[in-house]
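Residue numbers (the working numbering): 6 to 226. Don't be surprised by glycine CBs; every beta carbon is placed ideally from N, CA and C. Notes for the one structure printed next.
Shown next as structure tokens:
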């Protein structure tokens with residue numbers, strides 16, 4: 006656990022100094038949000054049906070950029086190899102990276118979610134507690150998979166293309182689940198979304214445990 010905390014602190018301190026990943030993610034998120042809301046051009050009464058798709062499409066593509074950027078920084082000066090020969094357990098490296106990616110996504114969502122409500126003329130405050138639960142579960146699902154596959158793709162030549170090719174097909178069930186849960190929360194709160202939230206929680210456990218077990222093997226191959 007100390008190793009994971011050290012990795013998390015390292016990534017956060019680097020991001021605090023450079024702000025490269027966060028600035029890139031925020032700019033891309035805002036651009037995607039503007040494009041999607043302008044493309045839909047829906048009346049206010051259609052907003053509850055559009056918000057889940059706009060939210061998670063934005064989070065998906067900005068998240069890919071943020072996670073990949075974090076591992077590209079480790080590749081510079083072969084820092085990733087240095088981490089692997091250090092006394093830190095590879096599983097702890099995975100957990101630290103996972104926590105850092107979840108934090109990055111959370112900061113991005115802190116900016117994007119209010120803007121989605123503003124652009125689509127929807128008051129999200131009444132459903133904010135339920136929405137935060139969906140965001141937390143979805144963040145962990147996405148980060149657990151993306152952290153593992155970013156470690157795989159960072160070592161290949163076409164790494165910028167490889168991560169989306171590997172990850173996007175696996176994210177389809179997650180995207181369906183998060184959109185469904187968000188739509189249910191907007192329609193009736195946590196009670197109506199209980200089934201979808203249960204599925205997301207199961208995904209959390211499966212993806213996080215799989216990444217924790219497999220990271221040591223994929224990062225060294």
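Practice task
Measure the CB-CB distance between residue 118 and residue 34 and report whether it falls below 8 Å.
Solution key: no
Handout entry: Endpoints, alpha helix (DSSP H) assigned at residue 115
Key = 95-124
Practice task
Enumerate in chain order the residues of its own chain whose CB-to-CB distance from residue 114 is below 7 Å, with the five nearest sequence positions on each side excluded.
Solution key: 64, 140
Exercise for the section: Return the chain-ordered list of same chain residues with a C-beta closer than 7 Å to the C-beta of residue 127, the five sequence neighbours on each side being excluded. Expected result: 52, 53, 56
Practice task
From the DSSP output, in three-state form, read off residue 131 for me.
Solution key: helix
Practice task
Determine the direct distance from the alpha carbon of residue 7 to that of residue 165, and round the result to whole angstroms.
Solution key: 31 Å
Exercise for the section: Go through the segment 162-193 residue by residue and report every complete run of the alpha helix (DSSP H) that reaches 4 residues or more, in order. Expected result: 164-193
Practice task
Report the option in 132, 222, 220, 183 whose CA atom is closest to the CA atom of residue 61.
Solution key: 183
Handout entry: Cβ neighbours of residue 202 in the same chain (closer than 6 Å, five flanking residues each side left out)
Key = 186
Problem - Beta-carbon spacing of residue 107, residue 148 below 8 Å - result: yes
Practice task
In angstroms with no decimal places, state the Cα-to-Cα distance between residue 112 and residue 145.
Solution key: 14 Å
Practice task
Using the Cα positions of residue 208 and residue 92, report the straight-line distance between them to the nearest angstrom.
Solution key: 30 Å
Handout entry: First and last residue of the uninterrupted alpha helix (DSSP H) at residue 9
Key = 7-23
Exercise for the section: Could you spell out where the alpha helix (DSSP H) holding residue 199 opens and where it closes? Expected result: 199-223
Practice task
Indicate the three-state DSSP secondary structure (helix, strand or coil) for residue 255 in the structure shown.
Solution key: This structure cannot speak to residue 255, because the chain is shown only from 6 to 226.
Practice task
Find out if the Cβ-Cβ distance for the pair residue 103, residue 23 is shorter than 8 Å.
Solution key: no
Problem - Exposed unless 16 or more other CB atoms sit within 10 angstroms - verdict on residue 162 - result: exposed
Exercise for the section: Quick one: using the 10 Å Cβ neighbour count with 16 as the cut-off for buried, is residue 188 buried or exposed? Expected result: buried
Handout entry: Under the three-state DSSP convention, the category residue 74 falls into
Key = helix
Exercise for the section: Measure how close the beta-carbons of residue 175 and residue 191 come, nearest whole angstrom, since I'm counting them as under 8 Å. Expected result: The Cβ separation is near 26 Å, so there is no contact.
Practice task
Look at the alpha carbon of residue 44 and the alpha carbon of residue 27, and state the distance between them as a whole number of angstroms.
Solution key: 25 Å
Exercise for the section: For residue 100, collect the residues of the same chain with a Cβ closer than 6 Å to its Cβ; drop the 5 residues on either side in sequence, then sort them by chain order. Expected result: 9
Exercise for the section: Report the rounded CA-to-CA distance for residue 59 versus residue 40, giving the unit in angstroms. Expected result: 10 Å
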